[in-house]
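Q:
Chains as they are written, first to last, in my numbering: chain A, 1 to 182; chain S, 1001 to 1263.
(1) Looking only at C-alpha atoms, which of 1197(S), 1160(S), 1158(S), 1085(S) sits nearest to residue 1166(S)?
(2) Straight-line CA distance for residue 1127(S) to residue 1119(S)?
(3) Would residue 1104(S) be called buried (16 or more neighbouring beta carbons within 10 Å of its own) or exposed?
(4) Closer than 9 Å by beta-carbon distance: list the chain A residues that pair up with residue 1127(S), in chain order.
(5) According to DSSP, simplified to helix, strand and coil, what is residue 99(A)?
(6) Residues in its own chain within less than 6 Å of residue 160(A) by CB, not counting five upstream and five downstream?
(7) Indicate whether at least one CB of chain S lies closer than 9 Å to the CB of residue 33(A).
(8) Please determine if the region 127-137 of chain A and the region 1134-1148 of chain S are in contact, where contact requires at least 3 C-beta pairs separated by less than 8 Å.
(9) Report yes or no: is there a C-beta of chain S within less than 9 Å of the C-beta of residue 162(A)?
(10) Residues of chain S with CB closer than 8 Å to the CB of residue 103(A), please, in chain order.
(11) Name the DSSP beta bridge partners of residue 130(A), please?
(12) In chain S, which residues lie with their C-beta within 8 Å of the C-beta of residue 126(A)?
(13) Residues of chain S with CB closer than 7 Å to the CB of residue 140(A), please, in chain order.
(14) Rounded to whole angstroms, what's the CA-CA distance from residue 109(A) to residue 1091(S)? Just pull it up for me.
(15) Please decide whether residue 1177(S) counts as near chain C, where near means a Cβ-Cβ distance under 9 Å.
(16) Does any residue of chain S bring its CB to less than 9 Å from the CB of residue 53(A)?
(17) Going by C-alpha to C-alpha distance, which of 54(A), 26(A), 145(A) sits closest to residue 78(A)?
(18) Looking at the C-beta of residue 131(A), does it have a partner C-beta in chain S at a distance below 9 Å?
(19) Name the residue from 92(A), 89(A), 138(A) whose alpha carbon lies nearest to the alpha carbon of residue 112(A).
(20) What's the call for residue 32(A), buried or exposed, on a 16-neighbour Cβ count within 10 Å?
(21) Straight-line CA distance for residue 1170(S) to residue 1199(S)?
(22) Which residues, in chain order, does the region 1218-1231 of chain S contribute to contact with chain A at a C-beta distance below 9 Å?
(23) Which residues in the same chain have their Cβ closer than 7 Å to the Cβ of residue 171(A), if we skip the five residues on either side of it in sequence?
Set out below in structure tokens:
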């Protein structure tokens, strides 16, 4: 009887543990060709029942002239159907990202929303692991997409670094806007 | 007026006879029908010809200052279904990157931000195909560089107001403020267009009238006329309603013979 109770308790503990398991992830964004890596990367944890929640940062420390080290992100688990004709499909996460306002250092009125996988995928056609969408005028546009990598930008063996995934402004413009010349 | 009084009198007599002589069921049906008709009449919008406060307001709106002229009609890019150009900037504030842009009918080809990929956006279905060395993928969104060509959509209303003339990069331009509203838009979008007179009114500069005003798109080296059709072909792997091509490599960028070319 005691052994049986112990087994049940153990199963309950393991079950609850799995249900509330937290994952911690950091991925660099590769371009759609897989050749280059963007200067920002996503670092997030997942949690809640069935890992439904996502929270973390879009880290900007490797991005030139960024006025802040990162932009907050938060989102939820999602299952993108093939019929959605999105660059990625299947299980993943969708999150809103403050990167526009964070990188510009002002209210841009633009919204960046990202679909991401929670693991890198092989660099081959139809296997993309992230896609970003621009919200503007209350309307959504395709912004960018590509693959994920566990090699973060700036690390040894990282690929040639590009600007951010939002690919906003030329560096000299950014410098001018953050450090106005008199 | 006499006819109206006469009509109302006949209606009241008719109503009295029905209410007091017919069965309760018929009375109720007639009552509901009449009430419904009257409610529908009350809810119908007033016509502009009526001498109502709304009608007066419409007249006042059309009486604009001399410098501005309200014009109805389509989107400023509508008369240009075939062209090639280099676009500078995007909806993103402060963007000054250059990219090739080509339009052939309902297909718009834009360049990816790193130059490794190009996008074909169908301006009727608003589906986008991204083509790079790995193949073709699609998305049911418009690529951001296809803005503002994607702004003219079914059920949206476009209002254009001419505000004067200005010179942009040596082109004398008619300046227009354009408001797009209705349809699937939750809020109106306001844009400003500089339409080059020597390019038959092609808008060489577009500004988003929102926020800090740094969202500016310019078009230079404009070539009016059909671009190379191979620019709009897709690899076989790419699904959807675009012209087919046998190989899978991205098409080379070719320029059309200039019918009219800007500086």
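Note that the Cβ used here is the ideal one computed from N, Cα and C, for glycine as well.
A: In terms of the structure at hand:
(1) Nearest C-alpha to residue 1166(S): 1197(S).
(2) 10 Å
(3) Per the 10 Å Cβ criterion, buried.
(4) 85
(5) helix
(6) 36
(7) yes
(8) yes
(9) It does; some Cβ of chain S falls within 9 Å.
(10) Per Cβ cutoff of 8 Å: no residues; residue 103(A) is ~10 Å from chain S at best.
(11) Bridge partners of residue 130(A): 116(A), 146(A).
(12) 1135, 1137
(13) 1141
(14) Looking at the two C-alpha atoms, the distance is approximately 10 Å.
(15) The structure shown contains no chain C; its protein chains are A and S.
(16) no
(17) 54(A)
(18) yes
(19) 138(A)
(20) buried
(21) 12 Å
(22) none
(23) The predicted position of residue 171(A) is uncertain, since its pLDDT is 43 and thus under 50; a value taken from the coordinates is nonetheless stated next. Cβ within range, chain order: 64, 65.
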